[in-house]
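S.K.: Each residue of the sequence shown is one higher than the one before, counting from 1 in full-length UniProt numbering.
Glycine included, each C-beta is placed from N, C-alpha and C at the ideal position.
Here you go, one structure.
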Amino acid sequence: MTVISQVILKADDELRYPSSGELKNIKDFLQTGVQRTRIAATLAENEKKIVQEATKQLWQKRPDFISPGGNAYGERQRSLCIRDFGWYLRLITYGVLAGDKEPIEKIGLIGVREMYNSLGVPVPGMVEAINSLKTASLGLLSAEDAAEAAPYFDYIIQAMS
Numbered sequence: 001m002t003v004i005s006q007v008i009l010k011a012d013d014e015l016r017y018p019s020s021g022e023l024k025n026i027k028d029f030l031q032t033g034v035q036r037t038r039i040a041a042t043l044a045e046n047e048k049k050i051v052q053e054a055t056k057q058l059w060q061k062r063p064d065f066i067s068p069g070g071n072a073y074g075e076r077q078r079s080l081c082i083r084d085f086g087w088y089l090r091l092i093t094y095g096v097l098a099g100d101k102e103p104i105e106k107i108g109l110i111g112v113r114e115m116y117n118s119l120g121v122p123v124p125g126m127v128e129a130i131n132s133l134k135t136a137s138l139g140l141l142s143a144e145d146a147a148e149a150a151p152y153f154d155y156i157i158q159a160m161s
């Protein structure tokens, strides 16, 4: 949900008008709309490039992941890992567009540690993967846009740590 939806629903639940602070949050949200849309478009348009770069970085840092016995050893496992890169990048664009980390939490983080543990995927390895995704993504953005997008990557990293 966007900031606007949250403010409206909260005010309605409490049978009141939005407060001046809530209206300021909406104003700030609207003022950053062009930037958030630009960031999301850049990430979406460059998904393949970002995923390729993040994958390359991860395999260079952790060649044991793609070596025999590694969690990304073999074509199928490697493809699943690459698929997850795209999925997390998409989650981040949802958060950026919403101007909130709630979509990331609701869609992608509830139960993620348990899921990876049950699949035998080392969670610290996923943290490294998201760090690689962050580096590859932010490298395509201006400094101002990178500063806006970075906390969404950090939110996922922190949730997995």
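Taking DSSP as the reference, what is the three-state secondary structure of Asp100?
M.R.: Coil, per DSSP.
S.K.: Determine the extent of the alpha helix (DSSP H) in which Glu128 is found, giving its start and end residues.
M.R.: Glu128 -> alpha helix (DSSP H) spans 123-138.
S.K.: Just checking, does the region 134-153 make contact with the region 31-48 on the three C-beta pairs under 8 angstroms criterion?
M.R.: With a cut-off of 8 angstroms, the region 31-48 and the region 134-153 count as touching, because enough Cβ pairs lie within range.
S.K.: Roughly how many angstroms separate the alpha carbons of Gln57 and Arg16, rounded to a whole number?
M.R.: For Gln57 and Arg16, the distance between alpha carbons rounds to 51 angstroms.
S.K.: Where does Val34 land, buried or exposed, given buried means 16+ other C-beta within 10 angstroms?
M.R.: The residue is exposed, with fewer than 16 neighbouring Cβ atoms inside 10 Å.
S.K.: Would you tell me roughly how many angstroms separate the C-alpha atoms of Ala129 and Phe65, rounded to the nearest one?
M.R.: Their backbone Cα atoms lie some 11 angstroms apart in a straight line.
S.K.: For Asn117, count neighbouring Cβ atoms within 10 angstroms of its own Cβ and tell me buried if that reaches 16, exposed if not.
M.R.: The residue is exposed, with fewer than 16 neighbouring Cβ atoms inside 10 Å.
S.K.: Under 8 angstroms between the Cβ atoms of Thr55 and Ile26?
M.R.: No; because the gap between Cβ atoms is not below 8 angstroms, this pair is not in contact.
S.K.: Between Met126 and the rest of its own chain, which residues show a CB-CB distance below 7 angstroms, the 5 nearest in sequence each way excluded?
M.R.: Cβ neighbours of Met126 beyond the five flanking positions: Tyr116, Met160.
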